[in-house]
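The next block holds one structure in the form of structure tokens; read it before the comments.
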Amino acid sequence: MSEELTKKAVMEALIFSAKSGIEPSRIASIIGIKLSQVMLLLEELEKEYEGHEHGVVIKSVNGKLRFYTKASIQSYVSQISVRPLVSITDTQMEVLAIVAIKGPLTRNDVELVRGRSSQSQLLELSKMGLIGKRKSKLPGRPYLYKVSSRFYELFQVDDLAEIVQGLAFGEGEDKFETSRDNLTDNGNVEEKINASDFGRESEIERQDRNLSET
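In terms of the working numbering, the numbers along the sequence shown are unbroken and rise by one, the last being 589.
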């Protein structure tokens, strides 16, 4: 076996063994190669697993590489491994989209975008494990909300455009109990939220700007 094939085999094993995913930089450190080499090997591995003879694919989710079951055969795998369903309402989906796109941000920021109270939605999304919160250093120390690692695992996306698309039309392994018909009837997430609203500064952004100007 050539040295290059050995490195690719080690990389494959590392991704397989890391149940919560592994960063490309971590792989480079373990194998002792440059990050650029890791990315080239990753491209080769991804192409190999895209073939019909494989039932899994390699995806980068939240910056971490991991093996995922292909959507086309998920129905078979679900017979031995049932993933918990997340039942989510349209209003919760709205809030989740805002946090995914603009987070970390405060509840007040979310409500400025939506134009209505969002406390109950944030609470339920926290209980679902889809968002997390921490105390900020803003006046009054309000909570800052951002999407969790569970969010990325469920939606299996690593790009903002994919996040919005996944929120509106989850499919395959996404397992959300909100139908495409419901979202179409009521306007999808992107239509419900005015795009200009996302241009507003959040409280944390305003604070950072004020500090830089002083």
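Glycine included, C-beta positions come from ideal geometry on N, C-alpha and C.
Setting aside the 5 residues that flank it on each side, L410 is surrounded in the same chain by P399, S400, A403, each with a C-beta closer than 8 Å to its C-beta; the list follows chain order. Taking the C-beta atoms as reference points, L497 is found no nearer than 8 Å to Y527. Positions of the alpha helix (DSSP H) runs, each at least 4 residues long and wholly inside the stretch 398 to 432, are given as 399 to 406, 410 to 424 in order along the chain. In the structure shown, the three-state DSSP call for S435 is strand. Within a 10 Å sphere around the beta-carbon of G426 sit fewer than 16 other beta-carbons, which makes this residue exposed.
N437 and I476 have their C-alpha atoms spaced approximately 13 Å apart.
Residue range 506 to 510 is occupied by the beta strand (DSSP E) that includes I506, with no alpha helix (DSSP H) assigned at that position. One alpha carbon belongs to V432, the other to I390, and they sit about 11 Å apart. The beta carbon of S523 sits closer than 8 Å to the beta carbons of G504, L505, I506, G507 from its chain, once the five residues preceding and following it are set aside; these are given in chain order. Its chain contains T444, K445, I448 as the residues whose beta carbon lies nearer than 7 Å to that of G430, once the 5 sequence neighbours on both sides are disregarded; these appear in chain order. With a beta-carbon spacing of about 34 Å, L420 and M468 fall beyond the 8 Å limit used to define contacts. In the three-state reduction of the DSSP assignment, L513 falls in the coil class. Going by DSSP, L519 is part of the beta strand (DSSP E) stretching over 518 to 522. Assignment of beta-bridge partners to R441 by DSSP yields K434.
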